[in-house]
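Asks: Sequence lines, in order, name chains G and A.
Quick note on numbering: the working numbering labels position 17 of the first sequence as 21, and the sequence is numbered without any gaps.
Quick note on numbering: the working numbering labels position 69 of the second sequence as 52, and the sequence is numbered without any gaps.
The C-beta atom is built at its ideal place from N, Cα and C for all residues, glycine as well.
Handing you a structure now.
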Amino acid sequence: KAGVTQTPRYLIKTRGQQVTLSCSPISGHRSVSWYQQTPGQGLQFLFEYFSETQRNKGNFPGRFSGRQFSNSRSEMNVSTLELGDSALYLCASSPGWNTEAFFGQGTRLTVV
Amino acid sequence: DQQVKQNSPSLSVQEGRISILNCDYTNSMFDYFLWYKKYPAEGPTFLISISSIKDKNEDGRFTVFLNKSAKHLSLHIVPSQPGDSAVYFCAARGGTSGTYKYIFGTGTRLKVLA
Chain G
5 KAGVTQTPRY LIKTRGQQVT LSCSPISGHR SVSWYQQTPG QGLQFLFEYF
55 SETQRNKGNF PGRFSGRQFS NSRSEMNVST LELGDSALYL CASSPGWNTE
105 AFFGQGTRLT VV
Chain A
-16 DQQVKQNSPS LSVQEGRISI LNCDYTNSMF DYFLWYKKYP AEGPTFLISI
34 SSIKDKNEDG RFTVFLNKSA KHLSLHIVPS QPGDSAVYFC AARGGTSGTY
84 KYIFGTGTRL KVLA
């Protein structure tokens, strides 16, 4: 069974630009969550989608948004990029109930 | 406000000895706790979990202990192996069915010395 796939693996953008990250969950998993990892901050929860609906949202500004498609694939968008958005963005999928989440390898975003 | 805290950013242990990683939380409503291991350039991988109705869960060399009164959990690795060197994150589940979310600590970097 294929794992969680995130694309691209690495990305360099300039301030003010916008970026879209993609996540393909494990087949059959309907829940996709997004996390931001920065040094010293651990994994900060961004949002979670289940069956195309956002079920949960973390404390991030509105520049961070996401969506989920009918095939459970998810995208995360960050608009008006700031230097502080440089981080590893991780996507995790799960069947959707009381189970651990399986993470992808992440997308390393660098904003210059 | 960090609801899940891992106060030790790093830990070094000799191969064969016990590694103890600690995690504290503030929200008594958390009902499920997990430990993840992360190698560089890889996503976190699930290690072991424990429900709040238990105080211990064991899986091979890994044991997680939960002290609800102290709002503290710990991961014991016995015996420690060089391949265990990684960053370990604890996570707590909050919310209600259908709106769960996981809150992670900042991680502890474990180095097992050969």
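#1: Could you check if E56 of chain G is buried or exposed, using at least 16 other CB atoms within 10 Å of its CB as the buried criterion?
#2: Sort out for me which residues DSSP pairs A74 of chain A with in a bridge.
#3: What does the alpha-carbon distance come out to for the pair Q4 of chain G and F106 of chain G?
#4: Which chain G residues sit within Cβ distance under 8 Å of I86 of chain A?
#5: In chain order, what residues of the same chain have a beta carbon less than 8 Å from the beta carbon of G110 of chain G, not counting five sequence neighbours either side?
#6: Give the interface partners of E41 of chain A over in chain G, defined as CB-CB distance under 9 Å, in chain order.
#7: Cβ atoms of L30 of chain A and K39 of chain A: under 9 Å apart, would you say?
#8: Select from A:K94, A:S35 and A:D7 the residue whose C-alpha is nearest the C-alpha of A53 of chain A.
#9: From the DSSP output, read off the bridge partner residues of I30 of chain G.
#10: For the stretch 11 to 59 of chain G, which segments carrying the beta strand (DSSP E) assignment without a break, of at least 3 residues, lie completely within its bounds, in sequence order?
#11: Apart from the five residues on each side of it in sequence, which residues of its chain come closer than 6 Å, Cβ to Cβ, to R77 of chain G?
#12: Cβ of Y71 of chain A within 9 Å of Cβ of R44 of chain A?
#13: Report all residues from its chain with a CB closer than 6 Å to the CB of V(-4) of chain A; omit the five preceding and five following residues, and keep chain order.
#14: For a contact defined as C-beta to C-beta under 7 Å, what are the partners of T89 of chain A on chain G?
#15: Pull up the distance between the alpha-carbon of H59 of chain A and that of A6 of chain G, whole angstroms please.
#16: Quick check on DSSP: helix, strand or coil for D38 of chain A?
#17: Quick one: which chain G residues come within Cβ less than 7 Å of F72 of chain A?
#18: For D14 of chain A and S(-7) of chain A, which I take to be in contact (beta-carbon distance under 8 Å), what is that distance rounded to the nearest angstrom?
#19: By the 10 Å Cβ neighbour count, where 16 or more other Cβ atoms means buried, how is K37 of chain A classified, buried or exposed?
#20: Counting only beta-carbon separations shorter than 9 Å, does G(-1) of chain A have a partner in chain G?
#21: So what does DSSP say about G70 of chain G, is it helix, strand or coil?
Replies: Here's the rundown:
#1: In summary, E56 of chain G is exposed, with fewer than 16 beta-carbon neighbours lying within 10 Å of its beta-carbon over all protein chains present.
#2: A:L17 and A:F87
#3: Here chain G comprises residues numbered 5 to 116, so residue 4 of chain G is not present and cannot be evaluated.
#4: F49
#5: Q10, R13, Q41, L92, Y93, L94 and C95
#6: Near E41 of chain A there are no residues of chain G at all, since even the closest Cβ is about 16 Å away, more than 9 Å.
#7: no
#8: A:D7
#9: Answer by DSSP bridge pairing: none, since I30 of chain G is not bridged.
#10: 14 to 17, 23 to 28, 35 to 42 and 46 to 54
#11: S28
#12: no
#13: Cβ-Cβ distances below 6 Å link V(-4) of chain A to S2, S63 and V95 in the same chain, with the five nearest sequence neighbours on each side left out; the list follows chain order.
#14: G44, Q45 and G46
#15: When rounded, the distance between both Cα atoms is 30 Å.
#16: coil
#17: Within 7 Å Cβ-Cβ: G46 and L47.
#18: Wrong, their Cβ atoms sit about 29 Å apart, outside the cutoff.
#19: exposed
#20: Chain G contact via Cβ: absent.
#21: strand
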